[in-house]
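What follows is a single structure, written as structure tokens, with notes after it.
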Amino acid sequence: MHKRTGPWTGIFLAMLLLQGWPGLMDRAHALEAGIYRLLSISTSERLILVSSVPEKNKYLLDASSARITMDGKPVEFENLEQFSSIQVELELKKEKRNGVELDGFATEIRIAPPPAAP
352 MHKRTGPWTG
362 IFLAMLLLQG
372 WPGLMDRAHA
382 LEAGIYRLLS
392 ISTSERLILV
402 SSVPEKNKYL
412 LDASSARITM
422 DGKPVEFENL
432 EQFSSIQVEL
442 ELKKEKRNGV
452 ELDGFATEIR
462 IAPPPAAP
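In structure tokens form, the structure reads like this:
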């Protein structure tokens with residue numbers, strides 16, 4: 352059998368890539384990671400309100416499925432109340448849940464323990 356490819360095949364593939372790539376980028380959710388100030392916690396709904404440190408952008412995040420660790424060891428959600436600064440990996444995706452507009456989901460929360468007193 353003879354494989355039939357012509358000059359139009361390359362042009363067609365290039366057009367698909369050029370038109371399809373921006374569409375894929377629009378559908379992808381923004382993933383971010385950084386240090387955030389912990390402003391408020393809802394233990395019943397497992398929501399956290401955080402503010403990015405340099406820009407002060409506020410995000411209301413669902414943290415119900417987030418992995419929470421301190422020094423690599425698991426920590427309970429309720430223990431977050433003790434800390435004001437946390438490292439968060441989050442996925443920005445606007446969603447409405449129980450009448451509340453969420454900005455996204457926290458996928459991982461890392462707590463840096465306070466430095467030891469001298």
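Per our numbering, the very first residue in the sequence shown carries number 352; after that it's consecutive.
Every residue, glycine too, gets a C-beta built ideally from N, C-alpha and C.
Would you say Ile392 and Leu412 are within 7 angstroms of each other, going by their C-beta atoms? no
Starting from Arg418, trace the beta strand (DSSP E) both ways and give me its first and last residue. Arg418 to Met421
Classify Trp372: buried if its beta carbon has 16 or more other beta carbons within 10 angstroms, exposed otherwise. Note that Trp372 scores 49 on pLDDT, short of 50, meaning its location in the model is unreliable; the coordinates nonetheless yield the value given after this. So Trp372 counts as exposed.
Could you give the DSSP three-state label for Met376: helix, strand or coil? Unreliable positioning characterises Met376 in this predicted model, as indicated by a pLDDT of 43, which lies under 50. The coordinate reading is nonetheless provided below. Here Met376 sits in helix by DSSP.
Tell me whether Ala417 is buried or exposed, calling it buried when 16 or more other Cβ atoms sit within 10 Å of its Cβ. buried
Where does the unbroken beta strand (DSSP E) through Val426 begin, and where does it stop? That residue, Val426, is in no beta strand (DSSP E); it is neither H nor E in DSSP.
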